[in-house]
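Engineer:
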Amino acid sequence: DPKIIQKPKYLVAVTGSEKILICEQYLGHNAMYWYRQSAKKPLEFMFSYSYQKLMDNQTASSRFQPQSSKKNHLDLQITALKPDDSATYFCASSQLGENTLYFGAGTRLSVL
Amino acid sequence: GDSVTQTEGLVTLTEGLPVMLNCTYQTIYSNPFLFWYVQHLNESPRLLLKSFTDNKRTEHQGFHATLHKSSSSFHLQKSSAQLSDSALYYCALGAYKVIFGKGTHLHVLP
Numbered sequence: 001d002p003k004i005i006q007k008p009k010y011l012v013a014v015t016g017s018e019k020i021l022i023c024e025q026y027l028g029h030n031a032m033y034w035y036r037q038s039a040k041k042p043l044e045f046m047f048s049y050s051y052q053k054l055m056d057n058q059t060a061s062s063r064f065q066p067q068s069s070k071k072n073h074l075d076l077q078i079t080a081l082k083p084d085d086s087a088t089y090f091c092a093s094s095q096l097g098e099n100t101l102y103f104g105a106g107t108r109l110s111v112l
Numbered sequence: 113g114d115s116v117t118q119t120e121g122l123v124t125l126t127e128g129l130p131v132m133l134n135c136t137y138q139t140i141y142s143n144p145f146l147f148w149y150v151q152h153l154n155e156s157p158r159l160l161l162k163s164f165t166d167n168k169r170t171e172h173q174g175f176h177a178t179l180h181k182s183s184s185s186f187h188l189q190k191s192s193a194q195l196s197d198s199a200l201y202y203c204a205l206g207a208y209k210v211i212f213g214k215g216t217h218l219h220v221l222p
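Top to bottom, those sequences are chains W and Y.
Following the working numbering, the numbering of the first sequence begins with 1 at its first residue and continues without gaps.
Following the working numbering, the numbering of the second sequence begins with 113 at its first residue and continues without gaps.
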């Protein structure tokens, strides 16, 4: 069974719309992350959260907003979608201090 | 800021030949973790090996790497490539957060 669940697996959106990417982890980790992978920028760090608090944000645009309703959930809301947002978004988790990342299967987003 | 450099974008070699993928890094943190992650087609990245200790060889699944803090390097090696090794390999630096290099595509030919 996958220990990090990302939903949906595939997502098609129109320019200007808003989408939420879901991530839940069942590894008992205390830190969660979002990474983005595209042809232009492979595996780019976006956000890190621990105990539902933002630790680091490397995303320049406020259109990307992480949301954590529980300590093992970290969703990603993307507003005013642009074609350049097309990428695979990976959720990951780890134990703080140990730094080994475990990745979910990813959500492949296509913005038309 | 922290950075990871992988000089080869694509490495193509014949099955049975040795593999070496280069990785150097920059960080002000004195005790970083260094990682190699492997990503097969249509899969997510998964940890291949990691190291924290200077000059100690780390091995897993036939691959090995040694962290050399003096040269800020963590090159990935394997003595004999297999077809199933074809994948995207990322070197990563774990200091205050984990950042990845640009990745090296390894293509093993029969």
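Note that beta-carbon positions come from the ideal geometry of N, C-alpha and C, so glycine has one too.
Fair warning: this is a prediction, and the values are worked out from it, not measured in the lab.
Let's test the definition: count the other Cβ atoms within 10 Å of the Cβ of Y:T216 and tell me whether it reaches 16, buried, or not, exposed.
Structural biologist: Taking the first residue of the second sequence as position 1, residue 216 of chain Y is located at position 104. The residue in question, Y:T216, is buried, as its Cβ has 16 or more Cβ neighbours within 10 Å.
Engineer: Note the first and the last residue of the continuous beta strand (DSSP E) segment covering W:E24.
Structural biologist: Translated into positions along the first sequence, residue 24 of chain W becomes position 24. If you look at W:E24, you'll find it in the beta strand (DSSP E) that goes K19 to Q25.
Engineer: Indicate whether at least one CB of chain Y lies closer than 8 angstroms to the CB of W:A48.
Structural biologist: Here the question's residue 48 of chain W lines up with position 48 in the first sequence. Reading the sequence as shown, one finds Ser at residue 48 of chain W and not Ala. For W:S48, the answer is yes, since a Cβ of chain Y falls inside 8 angstroms of its Cβ.
Engineer: Rounded to a whole number of angstroms, what is the C-alpha to C-alpha distance between Y:L159 and Y:S115?
Structural biologist: Position 47 of the second sequence, counted from the first residue, corresponds to residue 159 of chain Y. Position 3 of the second sequence, counted from the first residue, corresponds to residue 115 of chain Y. Y:L159 and Y:S115 have their C-alpha atoms spaced approximately 19 angstroms apart.
Engineer: With W:F45 as the anchor, note down where its beta strand (DSSP E) starts and where it stops.
Structural biologist: One-based indexing of the first sequence puts residue 45 of chain W at position 45. First-last of the beta strand (DSSP E) with W:F45: E44 to S50.
Engineer: Below 8 angstroms on the Cβ atoms is my contact criterion, and I expect W:L27 with W:D75 to pass it. Report the Cβ-Cβ distance as a whole number of Å.
Structural biologist: By one-based count along the first sequence, residue 27 of chain W stands at place 27. By one-based count along the first sequence, residue 75 of chain W stands at place 75. In fact, because the Cβ distance is near 17 angstroms, the residues do not count as touching under 8 angstroms.
Engineer: Are the segment 185-198 of chain Y and the segment 116-127 of chain Y in contact at 8 angstroms, needing three or more beta carbon pairs?
Structural biologist: yes
Engineer: Do you know offhand how far Y:Y137's Cα is from Y:S182's?
Structural biologist: The residue you call residue 137 of chain Y lines up with position 25 of the second sequence. The residue you call residue 182 of chain Y lines up with position 70 of the second sequence. Per the coordinates, the alpha-carbon of Y:Y137 lies some 11 angstroms from the alpha-carbon of Y:S182.
Engineer: To the nearest angstrom, how far is it from the Cα of W:I5 to the Cα of Y:L221?
Structural biologist: As a first step, residue 5 of chain W is located in the first sequence; it is residue number 5 there, counting from the start. As a first step, residue 221 of chain Y is located in the second sequence; it is residue number 109 there, counting from the start. Roughly 34 angstroms separates the two Cα atoms.
Engineer: Apart from the five residues just before and just after Y:E120, which ones in its own chain have a Cβ nearer than 8 angstroms to its Cβ?
Structural biologist: The count along the second sequence starts at 1 and reaches residue 120 of chain Y at position 8. Counting only Cβ-Cβ distances below 8 angstroms, and skipping sequence neighbours, we find L133, N134 and T216.
Engineer: Can you say whether W:H29 is buried or exposed, counting buried as having 16 or more other CB atoms within 10 angstroms of its CB?
Structural biologist: Walking along the first sequence from the start, residue 29 of chain W turns up at place 29. W:H29 comes out buried.
Engineer: Only counting the same chain, and skipping five residues up and downstream in sequence, which positions put a Cβ closer than 6 angstroms to that of W:S17?
Structural biologist: Counting from 1 along the first sequence, the entry for residue 17 of chain W is found at position 17. Same-chain partners within the cutoff: L81.
Engineer: Looking at the strands, I want to know which residues DSSP matches up with Y:E171.
Structural biologist: As a working note, residue 171 of chain Y is residue 59 in the second sequence. For Y:E171, the pairing in a beta bridge is given by DSSP as Y:H176.
Engineer: By the 10 Å Cβ neighbour count, where 16 or more other Cβ atoms means buried, how is W:Y35 classified, buried or exposed?
Structural biologist: The residue you call residue 35 of chain W lines up with position 35 of the first sequence. Buried is the call here.
Engineer: Using a 10 Å radius around the Cβ and a threshold of 16 neighbouring Cβ atoms, would you call Y:V131 buried or exposed?
Structural biologist: Within the second sequence, numbered from 1, the residue matching residue 131 of chain Y stands at position 19. Result: buried.
Engineer: Along the segment 77-110 of chain W, where does the CB come closer than 9 angstroms to a CB of chain Y? Name the residues.
Structural biologist: T88, F90, A92, S94, E98, N99, T100, L101, Y102, F103, G104, A105 and G106
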